[in-house]
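Numbering (full-length UniProt numbering), first residue to last: 1 to 614.
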């Protein structure tokens, strides 16, 4: 057997460079490179190997470990989970900074490879710098924190272990059902150890995302249930996007007159003006989609995990309304007592369409109802996005201005606070890849870093990061990275002087405003006045602050013409949000309080809770 002597680090990077994927007949590297922040735990081993492969496997230097991991995750999401990136850090705080991002990737089912330095396997330097000491179990390091938020975890203690572990890691990253973060803990002494690896281990490997087959009994059950339904509703989740099933969904829905509501991950599955598109569903949904969910006699969920926001805390689920779950994940397919249809979204829709063969008649009463509710919602959209006559603009009015000045293929990026809800309800998607909102983990600080990842994944699109001042303050360092890499993003920063979304929720639950807006926080210096435009400029971006919606639209035009990353700041009203589409969200209210408003909120909570089935 022919062998080649390499360090374990050299073997790792060489192996990763030989992984390719078939995307529509084109052979493309699985990995778009790596983000790296070096420390003593990875610079000598992994750093040396990355330097050798820097031309074909680019290394991007970030400013924050969590931020660079968010960028890598956004890259994978924008690439529909077909391509991804690696992130490497030293042991200790560098590694721990990425655990939050691992949770985000796990919740959203997105692939990212974490290669983190670990303490010496030989335990000669003990305790080494940044090592925690667990006297009851010396095998534990901070990297064990990754285990609950990784789909696959391994710790190499010998260099030859890569031979069996790396194929498993790649399989997990590309598996449609088990997709998510992979963590490889890599002791720094093992990184530098050499081994005679089989040359065949580094043979070029071409992968193709597999599509699980159809179980005939599940297909027939779904067809039977559809045949009895007069008012079905489709809920399109992220699986529709990742399966690249948007075109077949469009044809299927229009052929049989079935409305399509979208989750956050599934938004953009249909163009906003498609006759069967009824927009966002759930707590942050439109009145059209949520009303149709109440009136529907069958829910056909496709590629959705049906989380709490989507089901409005289960309030539209009852025994009289059966649910069919088309999902590659067995655990997702049986949620909420659904009738499972374990299948890839595209394969399932095509099979249903072929079996029905246009034999299902369109219910004209149902399609008329769809059109009526859509007209009503479009009128609401026009009203809430219209520029204000006076006072500070709302989030919706800022989004209306942004939509008027953006192109169909421009990408909108957001993550947490009130903005994802406004975007879910109001953003009009013309393109299937134009909406990039991380709301499975709702991680503040994702936005700017995520925008960088989107730009690296889709260099020809204009990327707009919409972020509140609270989230921007949590993490903004990768704006400097975007400038350094020439990966232009445009940041629209809505300054409502605090955490406006949670302040509204706090008041809605009967509580007094407290510790959210700056005016209601403990402060010795009064309300902070933060010059976000100056801050962005200090990191190398172009920037400006505007005062009105008209000025904002003019600034967006300037930003689009610029070649550098650009930030536009505007003050907004923290108290205004778009009506929630007649949805309810289960937020527990204290059962005992001496505050009358809380007592009142508790009574309303009990009444609403009664509509929630066990």
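From the three backbone atoms N, C-alpha and C, an ideal C-beta is built for every residue, glycine too.
The structure presented is a predicted model; accordingly, all values stated were derived computationally and were not measured.
Check: Cα separation between residue 230 and residue 258?; Outcome: 10 angstroms
Check: What distance in whole Å lies between the Cβ atoms of residue 117 and residue 188, which are believed to be in contact at a cut-off of 8 angstroms?; Outcome: 5 angstroms
Check: Smallest Cα separation from residue 227: which of 293, 276, 262 and 297?; Outcome: 297
Check: Determine the DSSP secondary structure at residue 472, reduced to helix, strand or coil.; Outcome: helix
Check: Tell me whether residue 350 sits in a helix, a strand or coil according to DSSP, three-state version.; Outcome: helix
Check: How is residue 496 classed by DSSP in three states: helix, strand or coil?; Outcome: coil
Check: Which partner residues does residue 19 have in the DSSP bridge list?; Outcome: 205
Check: Taking Cβ to Cβ, would you say residue 402 is nearer than 8 angstroms to residue 441?; Outcome: no
Check: Would you mind working out which of 365, 560 and 43 sits nearest residue 461, comparing C-alpha positions?; Outcome: 560
Check: So is residue 606 buried or exposed if we call it buried at 16+ other beta carbons inside 10 Å?; Outcome: exposed
Check: Apply the 10 Å Cβ neighbour rule to residue 300 and answer buried if 16 or more other Cβ atoms are within range, or exposed otherwise.; Outcome: buried
Check: If you scan the region 193 to 256 from start to end, which runs of the beta strand (DSSP E) of 3 or more residues do you find wholly inside it?; Outcome: 194 to 198, 205 to 207 and 232 to 236
Check: Please report how far the alpha carbon of residue 195 lies from the alpha carbon of residue 170, in whole angstroms.; Outcome: 21 angstroms
Check: Between the C-alpha atoms of residue 496 and residue 526, what's the straight-line distance to the nearest angstrom?; Outcome: 16 angstroms
Check: Three Cβ pairs or more, each shorter than 8 angstroms: is that satisfied between the region 150 to 161 and the region 171 to 190?; Outcome: yes
Check: Please report the Cβ distance between residue 219 and residue 345, rounded to the nearest whole angstrom; I am assuming they are in contact, meaning their Cβ atoms lie under 8 angstroms.; Outcome: Not really, about 14 angstroms apart at Cβ, beyond 8 angstroms.
Check: Would you call residue 519 buried or exposed, if buried means 16 or more other Cβ atoms sit within 10 Å of its Cβ?; Outcome: exposed
Check: Excluding five sequence neighbours on each side, which residues of the same chain lie with their C-beta closer than 6 angstroms to the C-beta of residue 70?; Outcome: 101, 446, 449 and 450
Check: If the criterion is Cβ atoms closer than 8 angstroms, does the pair residue 254 and residue 276 meet it?; Outcome: yes
Check: For residue 394 and residue 577, what's the separation of their Cα atoms in angstroms?; Outcome: 7 angstroms
Check: Return the residue from the list 27, 603 and 536 that minimises the CA-CA distance to residue 592.; Outcome: 603
Check: Mapping DSSP to helix, strand and coil, what is residue 323?; Outcome: strand
Check: Skipping 5 residues on each side, what residues in its chain have a beta carbon closer than 6 angstroms to that of residue 79?; Outcome: 457
Check: Buried or exposed, going by whether 16 or more other CB atoms sit within 10 Å of the CB of residue 125?; Outcome: exposed
Check: With C-beta atoms as the reference, is residue 432 less than 8 angstroms away from residue 285?; Outcome: no
Check: For the beta strand (DSSP E) that residue 3 lies in, which residues bound it at each end?; Outcome: 3 to 7
Check: Take residue 585 and list the residues in its own chain whose beta-carbon comes closer than 8 angstroms to its own, dropping the five residues that flank it on each side.; Outcome: 283, 308, 309, 312 and 313
Check: Rounded to the nearest angstrom, what separates residue 22 and residue 368 at their Cα positions?; Outcome: 42 angstroms
Check: Can you tell me where the alpha helix (DSSP H) holding residue 439 begins and where it ends?; Outcome: Per DSSP, residue 439 belongs to no alpha helix (DSSP H) and is neither H nor E.
Check: Decide if the region 61 to 69 is in contact with the region 477 to 494; the criterion is three or more beta carbon pairs, one per stretch, under 8 angstroms apart.; Outcome: yes
Check: With a floor of 4 residues, list each alpha helix (DSSP H) that falls wholly inside the region 371 to 439, ordered by position along the chain.; Outcome: 395 to 405 and 419 to 426
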